[in-house]
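Below: the structure, in structure tokens.
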Ligand SMILES: Nc1nc2c(ncn2[C@@H]2O[C@H](COP(=O)(O)OP(=O)(O)OP(=O)(O)O)[C@@H](O)[C@H]2O)c(=O)[nH]1
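Spelled out as structure tokens, the structure:
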């Protein structure tokens with residue numbers, strides 16, 4: 001049985017993913033936001049005695065290499081292993097789509113075009129004469145509708161027939177002056193009897209575009225000495241004729257003219273049928289005045305739902321893992337093994353799975369925003385504001401999500417397609433205080449501020465964090481991320497009703513990715529942290545305390561105090577405690593004692609742990625929560641106001657929790673960034689906390 | 001006259017594109033090319049960003065980018 005290797009190419013949103021679903025038992029992530037398919041995906045299926053191997057390339061508007069998507073596509077088309085290009089085209093926007101087709105035809109490969117969205121084109125009065133277009137382009141063009149699953153058989157036939165017949169030479173006819181130069185070069189190659197497996201016309205066009213790769217190749221060849229003067233002469237001709245020295249631009253003009261010509265001869269537009277639905281919706285949603293309030297309302301709603309509804313299953317998950325921990329302990333007895341499994345592994349993984357409901361709800365919302373086409377509108381509305389801080393309009397998604405939880409926020413940064421925009425956004429997402437930092441703020445503010453001011457101060461803390469984030473973005477943009485702005489130019493896709501499948505695929509993919517992390521890396525790290533806080537053991541101390549406890553047996557109060565003293569002793573002398581002591585000099589200038597240092601360090605595992613650790617360290621047992629007034633009293637007695645302020649600032653900015661930082665590492669693309677983030681956040685936290693401490697000390701002394 | 005000075009709801013023809021290579025390429029693939037008819041759909045309140053339409057393609061761009069597109073009405 002023969003195998004046909006297909007490179008699936010198309011501009012963003014033309015329905016490639018849907019088309020794949022239409023011809024096999026394969027599923028792929030689908031979205032309506034320009035270019036959702038970032039990774040290269042390969043799909044296999046068998047049909048009509050052929051094996052098909054389809055590589056879905058990221059949607060690209062043209063074969064340039066400015067964005068990651070375009071780079072992936074271009075490289076694959078140049079060097080990848082495939083027999084045939086299947087170019088999917090949005091029939092409703094045929095001319096712009098043919099720009100890409102023209103570039104593909106110049107590659108000298110077998111090409112089949114799927115004129116997709118036939119149903120929509122029909123409704124909008126775009127009538128394409130596919131026979132005529134096929135003749136004009138010299139390749140098979142087949143009308144399809146991936147959504148209605150029509151035309152798929154015809155497309156398959158065209159693919160197999162094209163595969164089985166010999167490749168025809170590209171017979172695109174550029175304008176006379178351009179053709180003239182092409183002919184000069186090709187006839188030179190023929191005269192020299194130059195041997196190459198690339199089509200000569202393709203080669204000539206690449207040379208006329210000053211394609212760097214082709215240039216590199218020729219520079220080492222003997223023929224170059226003769227070729228170069230010939231080329232220079234051709235360039236001169238083109239410069240004069242086109243009145244510009246932009247060779248690439250000349251090629252694009254040529255290519256676009258071909259597309260325009262093809263449309264003129266094969267497409268009819270029935271203007272009466274244009275619906276203008278998108279125009280009508282946009283009149284409201286991107287309205288100068290109403291647009292922003294509507295957007296804010298939608299975001300507020302999404303945020304509410306994510307964290308209000310999300311908290312319900314979170315309680316169940318919490319209870320479930322709590323029960324599992326207790327169950328494990330009672331099953332295995334009070335052993336070290338039970339502790340490492342229950343307190344280490346289960347507790348650690350449980351803390352990660354806890355965020356799953358948030359992730360699912362938030363990403364359902366984001367998938368809906370993307371699939372309907374609203375996301376681009378939101379970016380359009382917000383870009384003016386964000387751009388001032390060096391960010392992109394779409395940065396709002398990760399930043400707003402950051403107030404809930406950094407984990408989905410980092411994942412949401414994928415809506416940014418440009419490397420630099422995405423990295424910058426990732427770096428400052430942590431400044432948006434996540435939900436788990438709330439207990440820390442509440443505890444400290446509650447201990448030091450009058451109750452009637454607490455709410456305002458808390459709000460101020462959040463706003464201040466966000467403000468610092470924007471300032472940090474600006475600072476990073478002027479230093480580490482310096483450089484020209486990436487073009488913002490962004491397509492505003494047509495509004496479409498999302499299908500269930502699209503949303504389902506987008507969300508399930510994100511959720512699985514997240515769970516995989518929980519099952520592997522975070523599991524290992526949780527066990528490590530458990531070990532560091534439980535070892536080394538001090539059996540003599542335990543024995544000593546046990547006798548003491550026996551002596552006071554019956555007196556609940558004293559037993560509790562002793563138990564607590566023991567856990568305090570254990571924690572202080574554990575590896576983690578030792579680290580706390582060792583790092584005290586680092587925290588000294590901020591006015592933190594070793595206990596605050598340890599609390600912050602355990603917070604690296606999860607921010608929720610900070611309050612619990614302080615409970616233990618300030619001698620109240622580990623059952624503390626931020627409501628407890630006694631912990632607040634202890635804090636007042638042990639911590640000065642300036643160090644408390646510095647503590648809040650430090651906790652606000654420093655390194656995100658383990659789960660979040662691992663997601664950050666993946667999204668940013670490596671350990672290098674993880675280390676940078678660590679240095680950046682720690683330095684920023686330290687400096688700002690120090691400034692706060694110094695000022696507060698001067699004010700309140 | 002440049003594209004950013006075209007009023008909302010008005011159309012014009014693109015005469016030259018003075019953008020640097022990367023932006024020009026991006027423009028190119030969206031159909032923002034010499035000779036195309038461009039229609040202004042919307043400006044944001046702060047007039048930093050605008051929405052235009054060429055044929056069937058609707059796109060958002062910054063006003064600073066629109067400055068690099070010469071038009072004639
Ligand atoms: N009416 C109609 N809609 C379609 C058709 N094919 C796809 N769509 C819709 O077009 C949108 C984009 O489809 P996708 O399959 O995600 O497009 P894609 O080319 O894979 O997009 P990328 O993520 O950029 O690669 C979705 O909203 C689909 O429902 C079709 O034949 N007819």
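Protein chains in written order, with this note's numbering: chain A, 1 to 701; chain B, 1 to 73. Every residue, glycine too, gets a C-beta built ideally from N, C-alpha and C.
For residue 532(A), three-class secondary structure by DSSP: Helix at residue 532(A).
Check whether residue 659(A) and residue 523(A) have beta carbons under 8 Å apart: The answer is no: Cβ separation not under 8 Å.
CA nearest to the CA of residue 468(A), picked from 492(A), 652(A), 453(A): Among 492(A), 652(A), 453(A), the Cα nearest to that of residue 468(A) belongs to 652(A).
Chain-order list of residues whose beta-carbon lies under 8 Å from that of residue 623(A) (same chain, five-residue window excluded): Any answer about residue 623(A) is weak, because its pLDDT of 49 lies below 50 and its placement is not dependable; what the coordinates show is given next. 615, listed in sequence order.
Per DSSP, cross-strand counterpart(s) of residue 7(A): DSSP lists 55(A), 85(A) as partners of residue 7(A).
Span of the alpha helix (DSSP H) around residue 237(A): Its alpha helix (DSSP H) spans residues 224–242.
Sub-8 Å separation of residue 5(A) and residue 53(A) beta-carbons: Contact: yes.
Own chain residues within Cβ distance below 7 Å of residue 218(A), not counting five before or after: Excluding five sequence positions before and after residue 218(A), the CB atoms of its chain that fall closer than 7 Å to its own CB belong to 224, 227, given in chain order.
Coil, strand or helix - residue 258(A) by DSSP: Residue 258(A) carries a helical assignment under DSSP once its states are collapsed to helix, strand and coil.
Boundaries of the beta strand (DSSP E) in which residue 47(A) is found, first to last residue: Where residue 47(A) is concerned, the enclosing beta strand (DSSP E) starts and stops at 41–47.
Sub-8 Å separation of residue 461(A) and residue 648(A) beta-carbons: Going by C-beta atoms, residue 461(A) is nearer than 8 Å to residue 648(A).
Residues bridged to residue 50(B) [DSSP beta-bridge criterion]: Residue 50(B) is bridged to 43(B), 61(B).
Start-to-end residues for the alpha helix (DSSP H) that takes in residue 212(A): DSSP places residue 212(A) in the uninterrupted alpha helix (DSSP H) bounded by 212–219.
Within chain A, partners of residue 70(B) - CB distance below 8 Å: Proximity of chain A to residue 70(B) at the Cβ level (cut-off 8 Å) is not reached, the minimal Cβ distance being about 14 Å.
Check: residue 112(A) C-beta below 7 Å from any heavy atom of ligand 1: No, the beta carbon of residue 112(A) sits no closer than 7 Å to any heavy atom of ligand 1.
Neighbourhood of residue 250(A) by C-beta, 7 Å cutoff - its chain only, sequence neighbours within 5 removed: By the criterion of a C-beta distance shorter than 7 Å, residue 250(A) is surrounded in its chain by 238, 242, 244, once the five residues flanking it on both sides are discounted.
Touching by the beta-carbon criterion (3+ pairs, under 8 Å), the segment 37–50 of chain B and the segment 667–684 of chain A: Taking 8 Å as the limit for Cβ pairs, the verdict is that the segment 667–684 of chain A does not touch the segment 37–50 of chain B.
Residue 209(A) (DSSP reduced to helix, strand or coil): Shown here, residue 209(A) sits in coil according to DSSP, grouped into three states, outside any helix or strand.
C-alpha gap between residue 157(A) and residue 190(A), whole angstroms: Between the alpha carbons of residue 157(A) and residue 190(A) lies a distance of about 36 Å.
Three or more C-beta pairs below 8 Å linking the segment 266–276 of chain A and the segment 124–135 of chain A: The segment 266–276 of chain A is in contact with the segment 124–135 of chain A.
Cβ-heavy atom distance, residue 534(A) to ligand 1, below 7 Å: For residue 534(A), the shortest C-beta to heavy atom distance toward ligand 1 is 7 Å or greater.
Proximity of residue 597(A) and residue 578(A) at Cβ, strictly below 8 Å: Cβ distance not < 8 Å, so residue 597(A) and residue 578(A) don't count as in contact.
Where residue 30(B) falls, given that 16 or more other Cβ within 10 Å makes a residue buried: Buried: at least 16 other Cβ atoms inside 10 Å.
Cβ-based contacts, 7 Å cut-off: residues of the segment 44–66 of chain B near chain A: Cβ contacts with chain A: 44, 45, 46, 48, 49, 51, 55, 56, 57, 58, 59, 60, 61, 62, 65.
Cβ shell of residue 155(A) (< 6 Å), same chain only, five flanking positions each side left out: Within the same chain, and ignoring the five residues on either side of residue 155(A) in sequence, the residues whose Cβ sits closer than 6 Å to its Cβ are 114, 142, 144.
Per-residue DSSP class, three states only, for residue 375(A): Residue state, collapsed to three classes: helix.
Residue 403(A) - DSSP class collapsed to helix/strand/coil: Per DSSP, reduced to three states, the secondary structure at residue 403(A) is coil, with no helix or strand assignment.
Counted within 10 angstroms of its Cβ, other Cβ atoms place residue 546(A) as buried (16 or more) or exposed: It counts as exposed.
Close Cβ partners of residue 342(A) (< 7 Å) along its chain, the five nearest in sequence each way excluded: Result list for residue 342(A): 325, 328, 329, in chain order.
Reduced DSSP secondary structure (H/G/I, E/B, other) of residue 153(A): Helix.
Pair within 8 Å by beta-carbon distance, residue 63(B) and residue 17(B): Taking 8 Å as the Cβ cut-off, residue 63(B) and residue 17(B) do not qualify as a contacting pair.
Chain-order list of residues whose beta-carbon lies under 7 Å from that of residue 108(A) (same chain, five-residue window excluded): Cβ neighbours of residue 108(A) beyond the five flanking positions: 170, 198, 199, 202.
Alpha-carbon to alpha-carbon, residue 116(A) and residue 151(A): Roughly 9 Å between the two C-alpha positions.
Identified DSSP bridge partners for residue 491(A): DSSP lists 59(B) as partners of residue 491(A).
Residues of its chain near residue 558(A), where Cβ-Cβ distance is below 6 Å and the 5 sequence neighbours each way are ignored: The residues are 552.
Contact residues within the segment 469–496 of chain A, judged by C-beta distance below 9 Å to chain B: From the segment 469–496 of chain A, only 484, 485, 486, 487, 488, 489, 490, 491, 492, 493, 494 have a Cβ closer than 9 Å to chain B.
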